[in-house]
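> Chains as they are written, first to last, in this note's numbering: chain A, 149 to 600; chain B, 9 to 190; chain C, 204 to 388; chain D, 61 to 1099. This is the structure I have questions about; it appears just below.
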Amino acid sequence: MIARQPLVLGNKSLKDVTDDICRLVETWPGGKYYAALLSAKGLFLFYLCIQGMIVAFGMGMQGISHPVMWGTDIITFVFWIGIGHAGTLISAILFLFRQKWRTAIARSAEAMTVFAVMTAGLFPILHTGRPWLAYWLLPYPNQRGPLWVNFRSPLVWDVFAVSTYATVSMVFWYIGLVPDLATIRDRAKNIWRKRIYGALSLGWRGTARNWNHYEMVYMLLAGLSTPLVLSVHSIVSFDFAVAQLPGWHTTIFPPYFVAGAIFSGFGMVVTLMCIMREVIPSFKDYVTLHHMENMNKIIMTTSMMVGYAYASEFFVAWYSGNPIEQFIFVNRAFGPFGWSYWIMVTCNVFIPQLFWFKKIRSTIVPMFIISIFVNIGMWFERFVIVVTSLHRDFLPSSWGMWHPTLYDTGAIFGSFGMFFFIFLIYVRLLPVISIAEVKPVLNVGKSGAHHG
Amino acid sequence: MAAKKIIGAVLGLGITFGFCVFVYAITNNKVVIGYNQNYEPTQPIPYSHALHAGKLGLNCKYCHTTAEISRHASVPPLNVCMNCHLTVRQVNGKDSPYIAQLVDAYMNDKPVQWQKVNLLPDHVKFNHAPHIKAGKQCQECHGPVETMDRVKQYQSFSMGYCVNCHRRPENNAPTNCSTCHY
Amino acid sequence: MADLITKIEAALRGPGQKGIAGIWTDEHKLVEAARKTRESGIKKFEAISPYPLHGIDDAMNIPRSIIPYIAFAAGLTGCTFGVWFTWWTSAVDWPLIIGGKPLWSLAAFVPVIFECTILFAALTSVGAMIFLNRLPMIDPHTIDPDLTSHKFALFVAESESGYDAAKLEQLFRSQGASDVRRTEF
Amino acid sequence: MTTTENSLKNKSPKYWLSLEQWRQDPDFQRLAEQEFSNSPLREDSGSEGGWARREFLKLMGASMALASFGCVRRPAQAIVPYVKRPKEIVEGIANYYASSFVDGGETFGVVVTTREGRPIHVTGNSSHPINGSGLSARAHAHVLSLYDPARLTGPTKNLQNEKKTNHDTVEVTYEKADQEIADQIRKGKVAILTGSIVSPTDAEIVADFAKGTGAHVYTWDAISHEHYVDAQEHCYGQAVAPRLALEKAKLVLAVNCDFMGTWLQPTQQMRDFSKGRKPGDGMNRLIVIESLLTLTGSNADTRYRIRPTQSTAVLMGLIQELLVNKKTSSYAGDTSVHAILKNYENEIKAALPEAAYAKIAEELLAHKGQSLVLGGNDVSSQIAANFLNSILGNDGVTVDSRRSPNMGFQGKNRNLQALIDGLNKGEIKTVIINNVNPAYAAADKTGFVEALRKAEMAIYVGRCKNETGKYCDFVLPDHHPMEGWGDVEGQKGVFSVRQPTIEPLYNSRSFGDTLIAVAKVGNFGALAKADSVYTFVKNRFETKLHTNWTHALQEGVVDTVTAARAANDSARPFRVAALQMAAHKATPHADLELVLYPSIGLRDGSMANVPWLQEFPDPITKICWDNTLIVSPKLAQDRKICEGQMVRVKVGDKSVTVPAHIQPGLHDSTIGLALGYGRTDAGQVANNVGVNAVHLSVVRDGGVETSGLPVMIEPTKSYETLANTQVYSAMSGKTREGIDMGHRQIVVEATLEQYKKDPSANIEREKIVSAWSGFSYTGYKWGMSVDLNLCTGCSACVIACQSENNIATVGKKYVSQGREMFWVRVDRYYVGTPDEPDAVHIPVMCQHCDNAPCETVCPVAATVHSPEGTNDMIYNRCVGTRYCSNNCPYKVRRFNWFNYPRMTPELHASPMHMQLNPEVTVRERGVMEKCTFCTQRIHQAKNQAKLEDRKVHDGEIQTACQSSCPTNAIVFGDLNDPKSKLSQMLAEPRYYGLLEELNTRPAVQYASKIRNTDVLKSEESPHKEKHHEKHEEKGGHHV
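So, in structure tokens, the structure goes:
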């Protein structure tokens, strides 16, 4: 049997763990943090202006036009939804598989999920022509007869899937937070701090009976989240797969999207964890290189799955004998947007293969760079799917191009501002590592220690 | 503890029940939010339907001539008013200032700007003619106009109002969207 | 203002039970102590820990949680609701011809039904957990603030049959409790 | 204000929606008042002409449906009923008036649809012998020119300084103007400059006026057909513009003659040509030999490319083949003819291969008396064409010069030159200009302006103060044709009424009435005793034509030549001496030859300020909002010209700089440039759109030459984005990146032979297995058929649809971003090589698929199917996810990316909104829109049927595109009615669904295009590389 790596380094006691993790919430941050927060906030405000202009004047501010009716907003929506998958996946699937190494990263991954879904969720609303009426996508009782929604539309499925996913992820994340919030409450000196965290912790006391129900519900949520997380990206992929457009109308899309989502999600987690390890040195004991390496292995695996999907799409297009289908795929790789295809393939398939080298997958700088490439590649994957399929479809008379504007770039980068702004606030307000989950695995992998 | 539970249960059931009633009322047009039901603007000339249609018993279509053939029932042109008011100038034996106002407008070619009471948005294409052809009484939608001194919007004219009537099997009316929206 | 909040808090705070508590710093000793306490004839008592303890359910004879059954029922309800709702709205309440597809296109409704199932199950099981754990509690009585950090405790209420403060204190101390105190919980 | 009103006003309303209303906020009140007064004709705008405005307000009546653009809520709206309702008006029901429209000599019988007194739409008058129910894009657009914001609102006087430049414009009264004009006219030396007058009444009035004042009448047309008429005079001694009796022609040979696009009466000619287009025995055949790719050329069965200056040579070659080689005619022995042919020998050889002459000549011989040869826009080729027609016995049969020739097209450039000379020499002191614009459209426009400044007084009568009007002393507003009385005799013996359909919007007066008024003031001859144009017109119909006036008004036309038109006439003797005029002139060919051609949308530029026409995609180039230098792919390659590159075009010492467009099918030594653009004083829409190239044309012997001009081109370094509505034009082959597009069944073509063997030739049908049976339609099931064999691509349907359905124009910037809003587009594809392609046209509107992909994906059910088989779009439910458009394989859905009236206010300026059809919702920003099969017309017919307790008759519903189509290529009807015309047509095996392999089951079916030729271009050179793609993509869709 291979010797197990310790999950927490530095021979910590229970109190050390509590102190280490709570310190971030209980002390004032330094200048670096404020600088990061302000720049994220600046980007966020810029984002609000961009989206405000689009709402004020119309979707035509962005580069989309006939026939490319979806562009940046939908691409970035799928991108963020994909990012949002790793959190629940790490939490739920790894939990079900009893992967103890998940404890260190689960909380931040879940938070990332929630914030990514929030960031993502704005896009489908804002991309509509009349966003102030986007609530019409909900089947609520109304005075129009009542008039319901079209349950055959993948966009309605999206509404259900994304809102369910957002709700369940948020609940999952929050339920995980409850005992830790109680810890912070009990450590609080300030009465208001005590009250606020007390209210958030629901008055948690940690009796054995509470833990009994708590563990059960946590496992149930994990069990429910697992099909949910798979369904969400499947349904997002249905947005494309259910359409009859060549390049979209493919049965491989659900697994391909899920693999891509896991891939991009882990990419983002690695990015965030690399930053967190640097910014908060004490976390190096909790988020160990061993953890990072594990994630990199998953990135490499899913990268190959995604690569397989790319290849199989081409094969199926060729095998189908459908000339328009064949054209779309050749056009993808060699048409006017061919560059985006090759960016995608390079970033998603070739670059992650560097993780075959142990040196690379266990060194922070290269893995950080690769994770950024993964993020870029996955954005372009959605770009390739959305834009290259739309711009040349059945009737050549309606073919056209897509030319981004300031409002496209603004929406992409601005959404990062929103995400990082929320994430940075979270880092200082809530425990970024699950205190209650780390403690039981404190001694895992330590020589001579009993398994707890 | 028991009392608390009972209160909680009653409260919970009450809220659920209330919600269901609300949903029912909204979707079946029992309760209307918005839509200006009962809107009753003042008119430049206080023409009384209660007097003309009620007391004098004029048929609606005597004035609203186009209702049977056109989309609009149309407010009558002043020459229709003048059919009678060329001679009728008095109310209760006294010269009426309002009739004088009407005659003045007619003589000077100055159209009267009536306040619109029943308003459908631009994207709704209602057509009076087929409804009258189907035997609908004006009062079904416009209410007892013959009793109104000042006309008000009697029904909500929400989409639900239209649809719930079209739906009734005895009306044999279409409910596809392009019936009204195009 | 602050006074008012304190007063409201006090009013909403549930009545604490008087009893005796023992505090440990080692989880294994606590589990052992819990077993001993139960064997000593105390049927109902509380074990407080900062994280779920391995073996405590067995030691305290806590039955398996019933939440899975609730979740299953809720999931079934959600599924039924989804089926009914999509059917009723699309095929009954206002049938519209869409894309030449059948009015009740079950295959197309599966995603919605599935999401309804998950949502109902997830929210109901969380609700059940909150309900069964008597949460939320407002400013509950705590024995020691470190119990959510690195200490463990057992608490036996006075109302419990067979309660004997002296005997319990002695039991706790013999099991390695670092502290025993009479308190409210 | 009466006391009652006051007291009412001071009370707060009982029900209110906003606090402003409740407080009786003055701002709010003002807004509420403006809600009503969005008419440009507010009563408070001055005393003068007030009566007209008030009249108009009354006419406006209860047309409040129009007033609420967007979502203004209560208490904004008022109802303003008529004071005295005219008998014929029922609010909500349209009135139809038969009238007519003249467009530079081309005449149309039209039916004007008015709602509450506003003309909103024009359709063809189906009982009119000239155009029938068909119209051109321009005829449709002329309804919007009524509401042109640039129109003159009253008579004005330009105060000019010593240098004769205008320093101020003042308003005058008609009385004052008439007095001053009459005083000036008394001094004598008067000239009237006018376009061809096709109105007998106007002709009479002008003649009377000329007699009374001693004025000279100078007739000049911006788009000249003088060579055609001159050649007739030379050859037959008759200065007529014969009618082309295409319905009798089995073989048409057009040499540089765009008779379907802009030559003479294109709408009538397309209509007549299409009558012989039925596939099968006796199907006619069109051979086109041309330099540019014109609309006619794109419809050719066989097409050859020549230089513009080779037109005569080609015709001479045919004469030689017929006379010398085949010795067919009595002229065969004429030595003078031989001498002329001898001189042409080299030219003939250079123009076309010998076999082509032999083949064409053989065909012409086979169709003696049943063919028609058409020459180009120069005298010599016209003479040669006339000679050929005489040889072949076509004169009197297909060339109708006596029975019912065209009455227009009499304008000559030498008349204008004479006027200029007269002014320069001081022989003319006073000029009255009727509606023509030589300062913009004359070849010698600067010379004209210089001469005009020498006049003592110039009076301009027209609708807008344009380039010419600004140099005149008096500018008198003319009625729009829809506002005044008139009559039209477009072709001899065909008298149409032009009746007003609206009270004049402004203080205007028709040209005839102006002359009468001036004559009265000055007591000039018989005209001083005349009453008005109306009495002239009525008199003509009642006493001269002996018709019932009411009947004439109802029918709109009195046709006195019905029988004569169908009959054949004897041939006129041909004066062989005329051939000398076509003798070969030994001028060497220039390296490059320029053709200045009138564009189909703008023609002479007179309606350039109508945004519909500016945004009208040229049927061939598909470019709008610009005139481009069209160059062939090979020339572009040789000279390294890219799409959109600015090119300096020099003819002699004159030059213009225009963006280039690479156009397949051009002769490689030919470049083309459209006229009608580059207006400077037309209004906000047209000013500085494109370049005015008219001064590049050459004046020779008083005549204007616009084709075959020797030209130099210099590509510059700058580029311009072209507003191209169709960037890709190939149905198969390879893209510019070399990617194989695969076979796509879009337009199916077959030769006549193939068709005869198998009527469904070349149509591939897929066997489709469906998972479900679909909805069964029991009542009506609306459908449409489009016969691609009849569709000429003229695109009249595009503007008809725009007019009927309130489709917004978006402007050049947004068209170049691909945001144009047309509900029906006419796709033009090229088949064959880029050098010698065939073109095909296919109108694509919403296909109303039974299994509509758009419906499935709409989350809010904003697009659903009706039980009558139409795909409905519910604008007010749409949230604008645009998913439907993504999933539409035909890409016929158009999205409102912006609030266009806000983003391009100049295209939506008041009073253009008065044209809006109240039956069709004006779409908000952020919603999708598309063709509805004119659902408002379906509703109207169904309601009418319901009121009359019957079913809708077949043919009762006509969609806007259908009713505009000159060739009746579009048929709409009930698919569930086996007796309907549509059902019977669809039984023909020639019909197929566009992309039917997707199982969308479209309700629109297309009939394959049958070419009367031996072999199709697509079969000749399958999958040849398309060079033109390379250049095309650059231009379009740049941001």
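Note that CB positions come from ideal geometry on N, CA and C, so glycine has one too. No experiment lies behind these values; they were computed from the predicted model shown.
Closest by CA to Glu148(B), which one among Lys133(B), Phe165(B), Asp157(B)?
Looking up residue 148(B) in the second sequence gives position 140. Nearest of Lys133(B), Phe165(B), Asp157(B) to Glu148(B), Cα basis: Phe165(B).
> For a test of the three-state rule: what should DSSP assign to Asp895(D), helix, strand or coil?
Counting from 1 along the fourth sequence, the entry for residue 895(D) is found at position 835. Asp895(D): coil per DSSP, three-state reduction.
> DSSP on Phe161(D), reduced to helix/strand/coil?
As a first step, residue 161(D) is located in the fourth sequence; it is residue number 101 there, counting from the start. Phe161(D): strand per DSSP, three-state reduction.
> So, at 6 Å on beta carbons, what are the nonlocal neighbours of Ser371(D) in its own chain, with the 5 sequence-adjacent residues on each side left out?
Residue 371(D) sits at position 311 when you count from the first residue of the fourth sequence. Counting only Cβ-Cβ distances below 6 Å, and skipping sequence neighbours, we find Val315, Asn316, Gly436, Ser441.
> Could one say the Cβ of Leu926(D) lies closer than 8 Å to chain B's Cβ atoms, at least one of them?
Position 866 of the fourth sequence, counted from the start, is the residue given in the question as residue 926(D). At residue 926(D) the sequence reads Ser, which differs from the Leu that was named. So, interface residue.
> Got a sec, what are the start and stop residues for the beta strand (DSSP E) Pro719(D) sits in?
Locating residue 719(D) in the fourth sequence gives position 659, where the first residue counts as 1. That run of the beta strand (DSSP E) goes 714 to 722.
> Could you check if Gln40(D) is buried or exposed, using at least 16 other CB atoms within 10 Å of its CB as the buried criterion?
Chain D is shown only over 61 to 1099; residue 40(D) falls outside these bounds and no answer can be derived.
> Going by CA-CA distance only, name the one from Val165(A), Thr355(A), Phe386(A) that's closest to Asn947(D).
Position 887 of the fourth sequence, counting from 1, holds the residue named residue 947(D). For the residues Val165(A), Thr355(A), Phe386(A), the minimum Cα distance to Asn947(D) belongs to Phe386(A).
> Smallest Cα separation from Pro179(D): which of Asp1037(D), Gly165(D), Ser1043(D), Ser863(D)?
Position 119 of the fourth sequence holds residue 179(D). Cα-wise, what sits closest to Pro179(D) is Ser863(D).
> DSSP three-state label for Pro770(D), please.
Here residue 770(D) is taken as the residue at index 710 of the fourth sequence, counted from 1. Looking at Pro770(D) - three-state DSSP - the assignment turns out to be strand.
> Consult DSSP for Tyr169(B) and reduce its assignment to one of helix, strand or coil.
Reading the second sequence from its first residue, position 161 is the one you call residue 169(B). Helix at Tyr169(B).
> Please confirm if the segment 493 to 512 of chain A is in contact with the segment 435 to 448 of chain A, defined as three or more CB-CB distances below 8 Å between the two stretches.
Yes: the two stretches touch, three or more of their Cβ pairs being nearer than 8 Å.
> Measuring straight from C-alpha to C-alpha, what distance separates Ile346(C) and Ser362(C)?
What you label residue 346(C) is simply residue 143 of the third sequence in a count that begins at 1. What you label residue 362(C) is simply residue 159 of the third sequence in a count that begins at 1. If I take the Cα positions, the gap works out to 17 Å.
> Among Ala274(C), Gly225(C), Trp291(C), Leu350(C), which one has its Cα closest to the Cα of Pro253(C)?
To locate residue 253(C), count along the third sequence from 1; it is residue 50. Answer by Cα proximity: Leu350(C).
> Would you report the Cα separation of Ala399(D) and Thr766(D), rounded to the nearest angstrom?
For the purposes of this step, residue 399(D) is taken as residue 339 along the fourth sequence, with counting starting at 1. For the purposes of this step, residue 766(D) is taken as residue 706 along the fourth sequence, with counting starting at 1. Answer to the nearest angstrom: the Cα atoms are 28 Å apart.
> Along chain C, in chain order, which residues have C-beta atoms closer than 9 Å to that of Pro949(D)?
Stepping through the fourth sequence from its first residue, residue 949(D) is reached at position 889. Neighbours of Pro949(D) on chain C: none; closest Cβ ~13 Å, over 9 Å.
> Just reading off the beta strand (DSSP E) that Gly225(C) is part of, what are its end residues?
Here residue 225(C) refers to the residue found at position 22 of the third sequence. Where Gly225(C) is concerned, the enclosing beta strand (DSSP E) stretches over 221 to 227.
> Apply the 10 Å Cβ neighbour rule to Trp487(A) and answer buried if 16 or more other Cβ atoms are within range, or exposed otherwise.
Along the first sequence, read from residue 1 onward, the residue named residue 487(A) stands at position 339. By the neighbour-count rule (16 or more Cβ atoms within 10 Å), Trp487(A) is not buried but exposed.
> So with CB distances below 7 Å, who are the chain A contacts of Gln786(D)?
Your numbering for residue 786(D) matches position 726 in the fourth sequence. Per Cβ cutoff of 7 Å: Ser545.
> So Thr995(D) contacts chain C; which residues on that side make the cut at Cβ distance below 7 Å?
As a first step, residue 995(D) must be located in the fourth sequence, where it is residue number 935. In chain order: nothing, as chain C lies at least about 15 Å away.
> Spell out the partners DSSP gives Leu350(D) in its beta bridges.
Here residue 350(D) corresponds to residue number 290 of the fourth sequence, with the count starting at 1. The residue you asked about is not Leu; residue 350(D) is Glu in the sequence shown. The partner list for Glu350(D) (beta bridge, DSSP) reads Arg365(D).
> Do the segment 825 to 836 of chain D and the segment 566 to 580 of chain A meet, that is, are 3 or more Cβ pairs less than 8 Å apart?
In short, these stretches do not touch, since the Cβ pair count stays below three.
> Pick out the complete alpha helix (DSSP H) segments inside the segment 868 to 924 of chain D, 4 residues or longer, and give them in chain order.
Correct list: 872 to 876, 913 to 917.
> With distances taken between CB atoms, is the gap from Val870(D) to Glu880(D) smaller than 8 Å?
The sequence position of residue 870(D) within the fourth sequence is 810, counting from 1. The sequence position of residue 880(D) within the fourth sequence is 820, counting from 1. For Val870(D) and Glu880(D), yes; Cβs fall inside 8 Å.
> Is the Cβ of His139(B) closer than 8 Å to any Cβ of chain D?
Sequence index remark: in the second sequence, residue 139(B) carries index 131 (1-based). Not one chain D Cβ lies under 8 Å of His139(B).
> Whose C-alpha, out of Val593(D), Gly585(D), Thr923(D), Ala251(D), is nearest the C-alpha of Thr574(D)?
Sequence index remark: in the fourth sequence, residue 574(D) carries index 514 (1-based). For the residues Val593(D), Gly585(D), Thr923(D), Ala251(D), the minimum Cα distance to Thr574(D) belongs to Val593(D).
> Could you please give me the residues that DSSP links to Met988(D) through a beta bridge?
By one-based count along the fourth sequence, residue 988(D) stands at place 928. In DSSP, Met988(D) forms a bridge with Phe955(D).
> Going by the CB atoms, is the gap between Asn669(D) and Asp10(D) shorter than 8 Å?
With chain D covering only 61 through 1099, there is no way to say anything about residue 10(D).
> Would you tell me roughly how many angstroms separate the C-alpha atoms of Val1112(D) and Val182(D), rounded to the nearest one?
Residue numbering for chain D in the displayed model covers 61 to 1099; residue 1112(D) lies beyond these limits and cannot be assessed.
> Whose Cβ in chain A lies nearer than 8 Å to the Cβ of Val40(B)?
For the purposes of this step, residue 40(B) is identified with residue 32 of the second sequence, where counting begins at 1. Gln291, listed in chain order.
> Grab the span of the beta strand (DSSP E) containing Pro927(D) for me, first residue to last.
Residue numbering aside, residue 927(D) sits at position 867 when the fourth sequence is read from its first letter. Note, Pro927(D): premise wrong, no beta strand (DSSP E); not H, not E.
> When the Cα of Phe134(B) is compared with those of Ile77(B), Val18(B), Phe25(B), which residue comes out closest?
For this step, residue 134(B) is matched to residue 126 along the second sequence. Phe134(B) has its Cα closest to that of Ile77(B), out of Ile77(B), Val18(B), Phe25(B).
> Taking just the CA atoms, how far does Lys777(D) sit from Val522(A)?
To locate residue 522(A), count along the first sequence from 1; it is residue 374. To locate residue 777(D), count along the fourth sequence from 1; it is residue 717. Rounded to the nearest angstrom, the two C-alpha atoms are 41 Å apart.
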